[in-house]
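Residue numbers (the UniProt record's numbering): 181 to 404. So the structure is just underneath, and the comments pick up after that.
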Ligand code: CTP
Ligand code: CA
């Protein structure tokens with residue numbers, strides 16, 4: 181039946197998904213982080229698995245369940261980068277839902293910094309993992325990035341689609357409390373070079389299936 185076919189429509193895919201916010205250590209007890217909960221990436225993993233894909237989930241939120249996925253727990257952007265790049269050759273698609281810290285403290289203090297010390301944090305840029313993924317992928321490996329925006333969601337999404345060399349961008353609005361970071365719902369746009377699809381406000385699980393519909397359509401048009 182059609183319903184059953186849809187439920188297995190990703191059975192040819194082996195999808196690497198990143199999830200959660202990275203944590204960049206300052207000292208043994210403190211970190212720089214962001215508000216990403218990992219729920220969107222985990223919803224994508226669950227939905228992809230249900231549609232027959234093999235899933236490897238590189239996540240900072242390994243406390244969230246993801247039965248049936250290969251879980252790779254990571255914490256920092258550097259750990260996420262090596263986990264992703266070492267597995268890139270074995271997957272057919274990559275979805276970068278994680279909120280990767282753009283900067284990390286230049287030095288990690290060996291011991292807890294006391295409040296009696298003057299603290300000035302020097303930050304250095306993290307590598308852009310997505311950039312390396314696009315550069316190192318095999319022909320035919322699909323790459324979907326996310327763009328978390330608090331304004332100009334569509335325009336910034338279009339810009340990132342153009343500039344990052346990805347097959348699609350999920351542009352989402354993280355400015356309101358009912359959606360995006362840490363919420364159970366999300367909304368945004370699925371942008372490819374061929375089309376722009378509105379992703380109406382819905383549960384992250386429903387939005388995950390819309391994103392995977394987009395992935396399936398891109399896969400159907402693979403030239404390799
Ligand atoms: N990303 C990444 N490595 C980084 C930063 C971001 O792989 N060091 C990925 C994210 O997982 C996401 C995409 O790049 O899929 C876009 O992230 P975003 O923060 O929206 O874009 P940036 O290029 O970092 O731009 P800015 O934060 O300045 O808006
Ligand atoms: Ca960023």
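Yeah, the Cβ is synthetic: ideal placement off N, Cα and C, and Gly gets one too. These figures come from a predicted structure and were not determined experimentally.
May I ask which residues mark the beginning and end of the alpha helix (DSSP H) holding residue i?
i           : result
residue 312 : 309–316
residue 265 : 257–267
residue 368 : No alpha helix (DSSP H) holds residue 368; the beta strand (DSSP E) holding it covers 365–372.
residue 359 : Taken as a continuous stretch (DSSP letters only), residue 359 belongs to no alpha helix (DSSP H), as it is neither H nor E.
residue 221 : 219–230
residue 273 : Taken as a continuous stretch (DSSP letters only), residue 273 belongs to no alpha helix (DSSP H), being part of the beta strand (DSSP E) at 273–276.
residue 351 : Looking at the DSSP string, residue 351 is not in any alpha helix (DSSP H); the run it does join, the beta strand (DSSP E), is 348–353.
residue 396 : 384–400
residue 337 : 333–344
State yes or no: is the C-beta of residue i nearer than 7 Å to some heavy atom of ligand 1?
i           : result
residue 310 : yes
residue 326 : yes
residue 239 : no
residue 198 : yes
residue 314 : no
Rounded to a whole number of angstroms, what is the C-alpha to C-alpha distance between residue i and residue j?
i           : j           : result
residue 340 : residue 374 : 15 Å
residue 298 : residue 282 : 24 Å
residue 398 : residue 207 : 43 Å
residue 328 : residue 354 : 6 Å
residue 264 : residue 306 : 15 Å
residue 401 : residue 310 : 22 Å
residue 313 : residue 222 : 20 Å
residue 323 : residue 343 : 13 Å
residue 367 : residue 359 : 7 Å
residue 315 : residue 219 : 27 Å
With a 10 Å radius around its C-beta and 16 neighbouring C-beta atoms as the bar for buried, classify residue i as buried or exposed.
i           : result
residue 239 : buried
residue 266 : exposed
residue 320 : exposed
residue 262 : exposed
residue 390 : buried
residue 244 : buried
Taking 8 Å as the threshold (beta carbon to beta carbon), is residue i in contact with chain E?
i           : result
residue 350 : The chain inventory of the structure shown lacks chain E, comprising one protein chain alone.
Consider the C-beta atom of residue i and the heavy atoms of ligand 2; say whether any pair is separated by less than 7 Å.
i           : result
residue 393 : no
residue 332 : no
residue 353 : no
residue 307 : no
residue 362 : no
Does the segment 192–201 touch the segment 227–242, meaning 3 or more C-beta pairs lie closer than 8 Å?
-> Three or more Cβ pairs closer than 8 Å define a contact, and the segment 227–242 meets that threshold against the segment 192–201.
Should the segment 371–382 be called in touch with the segment 344–356, which here means at least 3 C-beta pairs below 8 Å?
-> With the rule of 3 Cβ pairs closer than 8 Å, the segment 371–382 counts as touching the segment 344–356.
Do the segment 236–255 and the segment 285–300 make contact, defined as three or more Cβ pairs closer than 8 Å?
-> Contact fails between the segment 236–255 and the segment 285–300, because fewer than three Cβ pairs, one in each stretch, are under 8 Å apart.
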